[in-house]
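K.L.:
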Amino acid sequence: MDLGIAGKKAIVCAASKGLGKGCAMSLAREGVDVTICARTPETLVTAAEEIRALGGGSVQTVACDITTDAGRAAVLDACPDPDILVNNAGGPPPGDFRDWDRDTWIAALDANMLTGIFLIKATVDAMMARKFGRIVNITSSAVKAPIDILGLSNGARAGLTGFVAGIARKTVRHNVTINGILPGPFVTDRLVKNMQVQADK
Numbered sequence: 002m003d004l005g006i007a008g009k010k011a012i013v014c015a016a017s018k019g020l021g022k023g024c025a026m027s028l029a030r031e032g033v034d035v036t037i038c039a040r041t042p043e044t045l046v047t048a049a050e051e052i053r054a055l056g057g058g059s060v061q062t063v064a065c066d067i068t069t070d071a072g073r074a075a076v077l078d079a080c081p082d083p084d085i086l087v088n089n090a091g092g093p094p095p096g097d098f099r100d101w102d103r104d105t106w107i108a109a110l111d112a113n114m115l116t117g118i119f120l121i122k123a124t125v126d127a128m129m130a131r132k133f134g135r136i137v138n139i140t141s142s143a144v145k146a147p148i149d150i151l152g153l154s155n156g157a158r159a160g161l162t163g164f165v166a167g168i169a170r171k172t173v174r175h176n177v178t179i180n181g182i183l184p185g186p187f188v189t190d191r192l193v194k195n196m197q198v199q200a201d202k
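Note that the sequence shown ends on residue 202 in our numbering; no numbers are left out.
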């Protein structure tokens with residue numbers, strides 16, 4: 002299927018594995034030039050090699066922590082005017098809300114709400130000026146059906162979803178859409194870890 006996005010540029014966050022990697026692969030197949038980022042250089046390089054093997058668009062990597070100012074700056078330096086932005090981040094740990102202090106909450110909000118907002122802030126105006134932009138936020142089905150042990154994720158990702166619901170109404174008139182993917186459970190390192198936590202109880 003030709004989606005009409007060949008030659009566009011995309012930033013895909015947390016793209017060394019899982020859904021982020023899957024998105025980057027699909028975009029590259031469509032001829033999109035992708036910039037992928039993740040924390041671990043080794044897995045990021047491996048992912049890039051797999052994506053390049055598909056043909057299609059070019060692939061560049063940025064090993065960084067996207068939740069930091071420096072990490073976001075590095076990605077935006079590598080791809081300053083993306084046409085497509087895929088916001089994605091690993092979820093915070095499961096647990097009981099009684100055990101979470103302020104620092105734990107701030108870390109969850111930084112990763113799963115504020116980082117996405119800051120990347121949208123950095124890219125959306127140029128997208129609107131060009132009259133084209135696609136922003137996709139990968140969150141969780143827990144946004145609609147909260148999971149008791151995932152309170153950090155429930156709160157942070159619902160916050161991003163609520164924020165986007167407001168600005169998407171303004172951006173769409175400039176042909177810039179903002180959508181969310183709310184995946185349910187599938188096999189990832191995080192799911193296995195969370196299931197182990199439950200099993201240990």
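C-beta: ideal position from N, C-alpha, C; glycine also.
1. Whole-angstrom Cβ separation of T162 and T140, contact assumed at under 8 Å?
2. What residues in its chain sit with their C-beta under 6 Å from that of C65, if we drop five residues either side in the sequence?
3. Which of the three DSSP states is assigned to R40 in this structure?
4. Span of the alpha helix (DSSP H) holding G156?
5. Work out the CA separation of R103 and C24 for me, nearest whole Å.
6. Between the stretch 115-126 and the stretch 81-88, do three or more beta carbon pairs fall short of 8 Å?
7. Cα-Cα, which of I107, I136, T41 and G181 is closest to S142?
8. Report the rounded CA-to-CA distance for D3 versus T41, giving the unit in angstroms.
9. According to the neighbour-count rule (16 or more other Cβ atoms, all chains shown, within 10 Å of its Cβ), is V173 buried or exposed?
10. Check V33 in the structure and name its three-state DSSP category.
11. Which same chain residues end up closer than 6 Å to L110 when comparing Cβ atoms and leaving out the 5 residues on each side of it in sequence?
12. The beta strand (DSSP E) that contains K10, what's its start and end?
13. According to DSSP, is V62 helix, strand or coil?
14. Taking C-alpha atoms, which residue in K171, R99 and F98 lies nearest to K132?
15. Per the DSSP calculation, I107 is bridged to which residue(s)?
P.N.:
Straight from the coordinates:
1. 6 Å
2. C38, G72 and A75
3. coil
4. G152 to T172
5. 33 Å
6. yes
7. G181
8. 32 Å
9. exposed
10. coil
11. A157
12. K10 to V13
13. In the sequence as presented, Val is not what sits at residue 62; that position holds Thr. DSSP places T62 in strand when its eight states are reduced to three.
14. K171
15. BP columns for I107 are empty, so no partner.
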